[in-house]
């Protein structure tokens, strides 16, 4: 086993990637500029024969590369997690398998960790087509509205973080984009650094309807995780109370009509709808209450704070 490196560079390989050898060499030059020792860990999310052959050729030339290949597709979050777990460095740098920023500007990310726990790249000035910029504004506008997020480019995969951050922040599903938000929630210091965008990253990107739907669901998921994970009754209680209130008003209206306008109740669908809303509201609130009980039962295993230092 070689000496433990200062930096572990994790490169998840998913559907999109550029020439492996060319990308590796420019990334390597950018990391070398930090003056620290390093290793590269490539995680192949599925079968990529051409990528595997190119990486094995680089490894055969003596390059310090670790290759992890999944048996099938598991997603980018799983690829990053596998890379983090196999990393030996105290500083973890994530880079996409294609060029998003100019690699000779990677050093500021690592330098920022002197007083921060995580540094993320923000591509600027943006060279993208207008539609790309519109997508970016809508995505981050929704995050600012719902969560008060101050980040401008969570879609950029160029990031640097300390090992302890990965050890304390859970990463699963498609939540890798929101790692900076999850880290802030845990009390870590996160900064955003503007780095020049690479010209090859400026091409128009149009996705399928399913992809945009998943992005919307991801935003709703992270909203729930950040706002109501520790207080589920606030979320389910709000929805349940609204349903009970609406159902109660509907039933009250029907009862008033029965008492003062001699309207029969037996053939009134509104009575059934109102009663159903009340029952659904009670059930929804019960879900939140059960969540609160579960959290209370396991509260001794949960930590809602992070100590930076004790003097």
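Residue numbers (the UniProt record's numbering): 1 to 311. Here a beta-carbon is modelled for each residue, glycine too, at the ideal position from N, C-alpha and C. What you are looking at is a predicted structure, and each value in this text was computed from that prediction instead of being measured.
Measure the C-alpha to C-alpha separation of residue i and residue j and round it to an integer number of angstroms.
i	j	result
residue 230	residue 296	9 Å
residue 154	residue 278	41 Å
residue 62	residue 169	34 Å
residue 23	residue 90	23 Å
residue 93	residue 9	5 Å
residue 239	residue 285	8 Å
residue 105	residue 224	35 Å
residue 88	residue 112	20 Å
residue 38	residue 98	19 Å
residue 188	residue 271	52 Å
residue 162	residue 64	21 Å
residue 129	residue 202	7 Å
residue 257	residue 263	6 Å
residue 212	residue 131	14 Å
Are the CB atoms of residue i and residue j nearer to each other than 8 Å?
i	j	result
residue 20	residue 69	no
residue 85	residue 118	no
residue 135	residue 198	no
residue 36	residue 6	yes
residue 255	residue 180	no
residue 280	residue 233	no
residue 273	residue 250	yes
residue 221	residue 107	no
residue 126	residue 133	yes
residue 275	residue 247	yes
residue 287	residue 236	yes
residue 115	residue 75	no
residue 217	residue 185	no
residue 139	residue 215	yes
Starting from the C-beta of residue i, find all residues in its chain whose C-beta is less than 8 Å away, skip the five residues before and the five after it, and write them out in chain order.
i	result
residue 77	171, 172, 173, 174, 175 and 176
residue 122	151, 152, 153, 156, 192, 193, 194 and 195
residue 30	103, 104, 105, 106 and 107
Which one or two residues does DSSP pair with residue i in a beta bridge?
i	result
residue 12	43
residue 159	94 and 120
residue 192	120
residue 169	DSSP output for residue 169 lists no bridge partner at all.
residue 66	41
residue 197	101
Whose C-beta lies closer than 6 Å to the C-beta of residue i among residues of the same chain, with five residues either side of it excluded?
i	result
residue 219	142
residue 66	41
residue 4	88
Could you pull out every residue in the same chain whose Cβ sits closer than 7 Å to the Cβ of residue i, ignoring the five residues on either side in sequence?
i	result
residue 80	10, 12, 94, 171 and 176
residue 166	84 and 92
So, does the CB of residue i fall closer than 8 Å to a CB anywhere in chain D?
i	result
residue 93	Among the chains in the structure shown there is no chain D, since it carries only a single protein chain.
- Identify every run of the beta strand (DSSP E) within the segment 68-145, keeping only runs that are complete inside it and at least 3 residues long; order them along the chain. Assignment of beta strand (DSSP E) within the segment 68-145, counting only whole runs of 3 or more residues, yields 91-94 and 118-123 in chain order.
- Unbroken stretches of the alpha helix (DSSP H), 4 residues or longer, contained in the segment 16-41: Listed in chain order, they are 20-32.
- Query: What residue ranges within the segment 214-262 form continuous alpha helix (DSSP H) runs of no fewer than 4 residues, ordered along the chain?
  - Reply: Counting only runs of 4 or more, we get 232-260.
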